[in-house]
Structure formats: C-alpha cells, structure tokens
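Residue numbers (our numbering): 58 to 234. Here a beta-carbon is modelled for each residue, glycine too, at the ideal position from N, C-alpha and C.
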Ligand SMILES: CC(C)(COP(=O)(O)OP(=O)(O)OC[C@H]1O[C@@H](n2cnc3c(N)ncnc32)[C@H](O)[C@@H]1OP(=O)(O)O)[C@@H](O)C(=O)NCCC(=O)NCCS
C-alpha cells in the first residue's frame with residue numbers, strides 16, 4: 058500500500074510525541090542534524106513556531122491516524138534579498154521508509170513552494186552517503202550545487218554533505234481575465 062493510504066495536512070504541536078518518537082531512531086536522526094534523545098517539548102515548540110505570515114510551513118503525512126512523516130520549509134535567514142529561497146527538511150518514521158510517505162510530502166511541499174509561496178529556490182543539505190534521500194531529491198528535480206567536506210559531526214566522525222537546490226520549474230504567469 059503506497060500513497061493512497063496517506064493524508065497530508067499541516068503539522069500541529071500535538072504531533073510532537075510522534076515526531077519525537079521517530080526522531081529518536083538512529084536510522085532517522087543520524088541522517089539529520091538532530092541529536093539523539095529528542096524531547097517532546099522541543100518538538101512541540103518547533104511545531105508551534107511556524108507563525109502565521111512567516112512563510113514557514115510544516116506538513117505531516119498521516120497513516121491510519123498516526124503521523125509518520127514531517128517536511129518543512131524554513132527561512133535559511135531572514136534576509137529580504139533572499140526571500141525567493143527557503144530551506145527544506147524532511148524525515149519519515151523508519152518503519153514506513155520506502156512506502157511513499159517521503160514522496161507524498163515532497164510533492165505537497167513543492168506544490169506549496171511553486172504555486173503558493175512563489176519561491177524560486179528550494180535548498181537543502183544532505184549527507185553525501187544518504188543514497189535514499191539523494192535519489193528522492195533528484196527525482197523531484199534537485200541538483201547538486203556543491204560538496205561540503207567534514208560539514209557535520211556524525212556518530213564519532215566528520216561527514217561530508219551535499220548542498221542541493223531545485224529551481225521552480227514553472228514560469229510566473231500573469232493570469233488572463
Ligand atoms: C529520505 C526519506 C525522507 C525518504 O522517505 P521515504 O518515505 O522512505 O521515501 P519514498 O518511499 O517516497 O521514496 C524513497 C525512494 O528511494 C528509493 N530508495 C530506497 N532506498 C534507496 C537506496 N539505498 N538508494 C537509492 N534509492 C533508494 C526508493 O526506491 C524510493 O524510490 P521510488 O519511489 O522511485 O521507488 C526517509 O527515508 C527518511 O526519513 N530517512 C531518514 C531521515 C533523512 O534521511 N532525511 C533526509 C535528510 S536530508
């Protein structure tokens with residue numbers, strides 16, 4: 058069963074226990090810039106921090122009533138001349154990896170970025186050996202823009218990361234009457 062069993066909706070602070078549970082899994086947090094032993098409170102605060110009007114948005118994938126994945130657009134820096142760019146982060150609970158939740162979240166978040174937020178660039182950083190995530194990003198039009206050596210400390214060693222970005226594939230048309 059793939060995406061048809063999934064619902065995508067805006068994340069809510071009450072999703073924090075589910076998010077913290079999958080973020081405690083080394084299969085997930087090690088691939089992100091998260092620390093082990095995440096707290097529910099920290100995730101509650103983060104999910105509550107997407108202020109209306111900030112442009113930031115977090116979506117969750119829900120399966121059988123349970124959140125199983127989270128994807129967010131965040132401001133890399135609140136700089137006016139970079140308001141055409143936002144960063145993307147994504148994680149899916151390990152027990153549903155490879156079942157389409159990541160793809161469904163990417164589709165929804167990039168639709169939001171292109172059709173509603175009118176972004177030119179969506180940017181991300183990914184560990185250079187995270188083949189599953191890189192394959193997903195390439196499938197959604199992301200390209201590598203650089204390799205950052207020893208970018209982050211991970212499980213006792215420095216690890217390289219790739220910088221990737223996707224440009225909005227559509228023009229910005231003016232709708233006729
Ligand atoms: C990366 C991640 C978000 C993908 O989510 P997902 O729900 O597993 O993704 P999907 O099932 O939609 O798609 C995964 C794709 O990767 C492919 N894939 C799986 N393992 C792979 C591997 N080792 N190498 C290459 N591709 C792989 C799958 O075949 C699938 O592609 P397909 O739909 O064309 O068959 C998820 O695995 C995750 O949360 N990982 C841990 C955290 C993480 O890495 N986040 C990204 C940090 S930048």
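Starting from residue i, trace the beta strand (DSSP E) both ways and give me its first and last residue.
{"i": "residue 221", "result": "214–224"}
{"i": "residue 84", "result": "Looking at the DSSP string, residue 84 is not in any beta strand (DSSP E); the run it does join, the alpha helix (DSSP H), is 83–86."}
{"i": "residue 203", "result": "200–211"}
{"i": "residue 63", "result": "63–67"}
What would DSSP say about residue i, mapped onto helix, strand or coil?
{"i": "residue 117", "result": "strand"}
{"i": "residue 138", "result": "helix"}
{"i": "residue 131", "result": "strand"}
{"i": "residue 234", "result": "coil"}
{"i": "residue 124", "result": "strand"}
What are the boundary residues of the alpha helix (DSSP H) that includes residue i?
{"i": "residue 183", "result": "Residue 183 -> not in any alpha helix (DSSP H); beta strand (DSSP E) instead, spanning 178–184."}
{"i": "residue 103", "result": "97–105"}
{"i": "residue 75", "result": "73–80"}
{"i": "residue 162", "result": "158–172"}
{"i": "residue 191", "result": "188–196"}
Can you round the beta-carbon distance between residue i and residue j to whole angstroms, since I take them to be within the 8 angstroms contact cut?
{"i": "residue 197", "j": "residue 219", "result": "That belief does not hold up - the Cβ atoms of residue 197 and residue 219 are roughly 15 angstroms apart, past 8 angstroms."}
{"i": "residue 217", "j": "residue 205", "result": "7 angstroms"}
{"i": "residue 180", "j": "residue 145", "result": "7 angstroms"}
{"i": "residue 104", "j": "residue 72", "result": "6 angstroms"}
Tell me which residues share the same chain as residue i and place their Cβ nearer than 7 angstroms to its Cβ, disregarding the 5 neighbours each side in the sequence.
{"i": "residue 77", "result": "95, 96, 97, 100"}
Enumerate in chain order the residues of its own chain whose CB-to-CB distance from residue i is below 8 angstroms, with the five nearest sequence positions on each side excluded.
{"i": "residue 119", "result": "63, 64, 65, 66, 125"}
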